[in-house]
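177 is the number of the first residue of the sequence shown in the working numbering; add one for each residue after it. Ideal Cβ placement from N, Cα and C applies to all residues, glycine included. Everything below concerns the one structure shown next.
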Amino acid sequence: DSTQATQQATKQALEQTSESIGKKSQQLAQTLTGSGKVALRWLAGWSLAAVFVYGMATTLPIALIKYSMERRSEMKQNTSTPSTEEPLQQQPQENRPSVFSRWWA
C-alpha cells in the first residue's frame, strides 16, 4: 500500500512538474518570438534609414556639383557674349527648374 501511494505521489509530482515546465517553455517561446519580431522590425527600420542616408549622401553632392557647374557655364556664356538685344531676364523663382529636375532629366 505504501509503495503504491509513494508511486502515485511521485507520478503526480512528475506530472505537475512536467506541466509547469511545459507552460514555462511556452511562455519563454512566446517571449522570444515577440522579442525577435521587435528586434527584426527595429533592425529593418534602421537598415532602411541607413540606405536612405547613404543614397542622399552619394546622390545629393553629385547633383549639386552638376547644377553649380551648369550655372557657372551659363553665367560664363551670358557674360562672354555681349549682345545688342535686350538683356536676358531671369526666370521667376517658381518657374526655375530645380536641382533635381536637372539631374534626373
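- CA-CA distance, W222 to F228, rounds to 10 Å.
- Distance between T193 and T186, taken at the CA atoms: about 10 Å.
- When rounded, the separation of the alpha-carbon atoms in S201 and V214 is 20 Å.
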